[in-house]
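Under the working numbering, the first residue of the sequence shown carries the number 467, and numbering increases by one thereafter. Let me begin by presenting the structure, written as structure tokens, before commenting on it.
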Amino acid sequence: MSSPSRKSDFSFTPENLKKAQETIAKYPAGRQQSAVMPLLHLAQQQNANSLTVPIMDCIADMLGMPYIKVYEVATFYTMYNHKPMGRHHVQVCTTTPCWLRGSDEVLNACKSHLKVEVGGTTKDGMFTLSEAECLGACVNAPVVWIGKDYFEDLNAERMEALLKDIQAGKKVRPGPQIERQASAPAGGLTSLTSFVKESQKKAAAPATEAKAAPAKKTAAKKKPAKKKEDK
Ligand code: FES
Numbered sequence: 467m468s469s470p471s472r473k474s475d476f477s478f479t480p481e482n483l484k485k486a487q488e489t490i491a492k493y494p495a496g497r498q499q500s501a502v503m504p505l506l507h508l509a510q511q512q513n514a515n516s517l518t519v520p521i522m523d524c525i526a527d528m529l530g531m532p533y534i535k536v537y538e539v540a541t542f543y544t545m546y547n548h549k550p551m552g553r554h555h556v557q558v559c560t561t562t563p564c565w566l567r568g569s570d571e572v573l574n575a576c577k578s579h580l581k582v583e584v585g586g587t588t589k590d591g592m593f594t595l596s597e598a599e600c601l602g603a604c605v606n607a608p609v610v611w612i613g614k615d616y617f618e619d620l621n622a623e624r625m626e627a628l629l630k631d632i633q634a635g636k637k638v639r640p641g642p643q644i645e646r647q648a649s650a651p652a653g654g655l656t657s658l659t660s661f662v663k664e665s666q667k668k669a670a671a672p673a674t675e676a677k678a679a680p681a682k683k684t685a686a687k688k689k690p691a692k693k694k695e696d697k
């Protein structure tokens, strides 16, 4: 049973309210509480990247949940923020694989460029810096999560360049920050190399052959008609 309703000074914008209702409608009757996490995300986006008690109360009322249950979810997961945040949340992964690949260097580059400590927000309100646990992209370590994107294969230099680009409002390229395709080996292929070469050869072959071979004439040469023998 839900707790009695409390007055909330938060409400979704009409556009977000529509999105919230669509999300709730995805769940079967009686299971609307399952929408709590997407609704918290939506509210957080609307409220400059952080949640407040009135926001959580509003969601609890929408889903018919006790307030405490919404607080439990919102305080358990680290992706929900409970203090004012910068427009860009820079989360540097410092778990072992990233640490072994230089996350200390990346974190220090963030601190010195942004002039904030971990947990701090820049004076202009543009960045909040955090440390994060494994982001699940260790193969491209060290990894930093900013907004909705991962930035991978970083070092101090690349991290600083990335922050400068964001500050300048430039379009930044998420994913690996070195020339590698997704999570493919950074130095090129290391296994099945002959197989790949052979496949590439085969794939290229028909096009080359077609070019080299003269086109066959489809129509057979007409034989000259036999003259009728004189009887
Ligand atoms: S340890 Fe950093 S992504 Fe896994």
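Every residue, glycine too, gets a C-beta built ideally from N, C-alpha and C. Just so you know, these numbers come straight off a predicted model, no measurement behind them.
Distances between the C-beta of P563 and the heavy atoms of ligand 1 include at least one below 6 Å.
Between T587 and G552, the C-beta gap is smaller than 7 Å, which places the two residues in contact.
When the Cα atoms are used, P520 and Q510 turn out to be separated by approximately 12 Å. Annotation: D615 is outside any alpha helix (DSSP H); the continuous beta strand (DSSP E) that includes it extends over 615 to 618. Beta-bridge analysis with DSSP links L595 to V556. L628 places its beta carbon less than 7 Å from that of F617. Here DSSP, grouped into helix, strand and coil, assigns I644 to coil. Boundaries of the alpha helix (DSSP H) around V572: 569 to 580. From the listed residues P550, A486, E571, the smallest Cα separation to C559 is found for E571.
Distances from the CB of C604 to the heavy atoms of ligand 1 include at least one below 6 Å. For the options V502, W565, D523, S500, the alpha carbon positioned closest to that of D475 is the one of D523. For V502, the uninterrupted alpha helix (DSSP H) run begins and ends at 502 to 512, by DSSP. For T489, the secondary structure class from DSSP, reduced to helix, strand or coil, is helix. Taking a cut-off of 8 Å for Cβ pairs, the region 561 to 568 and the region 607 to 626 touch, as three or more such pairs fall below it. Taking a contact to require three or more Cβ pairs closer than 8 Å, the region 480 to 498 and the region 525 to 532 qualify as touching. Taking E599 as the centre and dropping the five residues before and after it, the same chain places the C-beta of T561 closer than 6 Å to its C-beta, in chain order. Taken in chain order, the whole alpha helix (DSSP H) runs of length 4 or more contained in the region 510 to 540 are 519 to 529. Where V605 is concerned, there is no enclosing beta strand (DSSP E), because DSSP gives it neither an H nor an E.
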